[in-house]
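Q: Quick one: this structure, given as structure tokens, is what I'll be asking you about.
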Amino acid sequence: MELSLLVWLLPTLALVIGVAVGFIVARLLPNAAPSSTQRQLDDIQQRFDNYQNQVVTHFNSTAVLVKKLTQSYQDVQDHLADGANHLALDELTRQRLLAALHSESAQGPRDRLTPPKDTAEVPRDYAPKSPNSPGMLDESYGLKR
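Take a look at the structure:
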């Protein structure tokens with residue numbers, strides 16, 4: 001009976017000790033690797049967040065500057081119109097100045113240039129041959145007779 005107990009007790013004891021050692025090793029070793037990986041991940045996330053903040057700040061600043069530019073352009077336009085009203089010598093000159101001033105701002109986009117449509121022949125991607133000579137795909141092309 002003692003032999004039977006020893007046969008069962010030793011493997012069971014070895015199993016319990018193995019599970020305990022495995023549990024301890026599993027708790028200690030993974031903490032080292034994930035901490036550096038987690039640190040790298042946190043660093044990358046922080047850099048990404050900083051980059052996103054810089055992009056948002058850049059576009060907000062650009063929007064503010066464009067708004068200021070538009071307002072400055074409008075102020076110059078108003079100043080020129082006011083000067084044309086006050087400084088023009090006669091009504092005809094005043095009307096011409098105001099019309100010239102407002103025609104520039106109302107001018108639409110320019111037309112695009114179009115290629116000429118009267119090309120009679122499509123461009124070739126090969127050299128033309130004389131009428132009675134063999135073409136490049138002919139079996140005797142380039143051979144001396």
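For the sequence shown, the residue numbers in full-length UniProt numbering are 1 to 145.
C-beta: ideal position from N, C-alpha, C; glycine also.
Going by beta carbon distance, what residues of the same chain come within less than 7 Å of L80, once the five residues before and after it are set aside?
A: Here residue 80 refers to the residue found at position 80 when the sequence shown is read from its first residue. In chain order, L101 place their CB closer than 7 Å to the CB of L80, counting only its own chain and leaving out the 5 sequence neighbours on each side.
Q: Whole-angstrom Cβ separation of N85 and R94, contact assumed at under 8 Å?
A: Residue 85 sits at position 85 when you count from the first residue of the sequence shown. Residue 94 sits at position 94 when you count from the first residue of the sequence shown. Sure, about 6 Å apart at Cβ, within 8 Å.
Q: Does DSSP put T93 in a helix, a strand or coil?
A: Position 93 of the sequence shown holds residue 93. Residue state, collapsed to three classes: helix.
Q: Do S140 and P131 have their C-beta atoms within less than 7 Å of each other?
A: The count along the sequence shown starts at 1 and reaches residue 140 at position 140. The count along the sequence shown starts at 1 and reaches residue 131 at position 131. No, the Cβ-Cβ distance between S140 and P131 is not below 7 Å.
Q: Please report the distance separating the alpha-carbon of A88 from that of A99.
A: Looking up residue 88 in the sequence shown gives position 88. Looking up residue 99 in the sequence shown gives position 99. Taking the CA atoms as reference points, A88 sits about 13 Å from A99.
Q: Do you know offhand how far D43's Cα is from N60's?
A: Here residue 43 corresponds to residue number 43 of the sequence shown, with the count starting at 1. Here residue 60 corresponds to residue number 60 of the sequence shown, with the count starting at 1. The alpha-carbon atoms of D43 and N60 are separated by roughly 26 Å.
Q: Pull up the distance between the alpha-carbon of G22 and that of L15, whole angstroms please.
A: Along the sequence shown, read from residue 1 onward, the residue named residue 22 stands at position 22. Along the sequence shown, read from residue 1 onward, the residue named residue 15 stands at position 15. The alpha-carbon atoms of G22 and L15 are separated by roughly 10 Å.
Q: Can you look up A88 in the DSSP assignment and give me helix, strand or coil?
A: Taking the first residue of the sequence shown as 1, we reach residue 88 at position 88. Secondary structure of A88 (DSSP, three-state): coil.
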